[in-house]
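Engineer: First residue of the sequence shown? That's 340 in the working numbering, and the numbers climb one at a time after it.
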Amino acid sequence: MEIWPILENELIRYRDLSSSIRKILMKYEVECSELILKMKEETFDESQELFNKLYDIQQKLSIAMYKYEFNLNDRLKDFVYHFDRDDIHSRRYWYEKFNDGLIWPDD
Numbered sequence: 340m341e342i343w344p345i346l347e348n349e350l351i352r353y354r355d356l357s358s359s360i361r362k363i364l365m366k367y368e369v370e371c372s373e374l375i376l377k378m379k380e381e382t383f384d385e386s387q388e389l390f391n392k393l394y395d396i397q398q399k400l401s402i403a404m405y406k407y408e409f410n411l412n413d414r415l416k417d418f419v420y421h422f423d424r425d426d427i428h429s430r431r432y433w434y435e436k437f438n439d440g441l442i443w444p445d446d
């Protein structure tokens, strides 16, 4: 049995799926950026729904990264890392950072 045709077929499937997954991840990245920008227009209390959406995305990206061992780009890795903790103190910290001009969570 020739192995190469099987491997080549799997590589084609991998390429196609990988491309599709990357496009979806780019949409998540854009959505996070938009949510962060919207925070500057709202009070801390009003921004809680935005935080809920960000933490929902973080949970999904975390599953992709850890459960499925998918290699996220550096920006999304930073997002997953920095938005791991969801409590009032973290929300206030990030709200203040974003309102001070930060456009993406980092160190």
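Where a beta carbon is used, it is the ideal one built from N, C-alpha and C, also for glycine.
Hey, is the stretch 340–353 in contact with the stretch 375–395, meaning 3+ C-beta pairs nearer than 8 Å?
Structural biologist: No: fewer than three Cβ pairs fall under 8 Å.
Engineer: Less than 8 Å between C-beta atoms, sequence neighbours within five positions excluded: which residues of the same chain meet that for Y394?
Structural biologist: Only F422 and D425 meet the Cβ criterion.
Engineer: Mind checking which residues open and close the alpha helix (DSSP H) that includes Y405?
Structural biologist: Element bounds for Y405: n/a, residue is neither H nor E.
Engineer: Applying the criterion that 16 or more other CB atoms from any shown protein chain within 10 Å of the CB defines a buried residue, is Y405 buried or exposed?
Structural biologist: Y405 is exposed by the Cβ-count criterion.
Engineer: When DSSP labels each residue in this structure, what does P424 get in the three-state scheme?
Structural biologist: The sequence as given places Arg at residue 424; Pro does not occur at that position. The answer is coil: DSSP assigns R424 none of H, G, I, E or B.
Engineer: Give me, in chain order, the residues of the same chain whose beta-carbon lies closer than 6 Å to that of E370; leave out the 5 immediate sequence neighbours on both sides.
Structural biologist: There are no such residues.
Engineer: Verify whether the separation of the beta carbon atoms of E368 and R414 is less than 8 Å.
Structural biologist: Yes, they are a contact pair.
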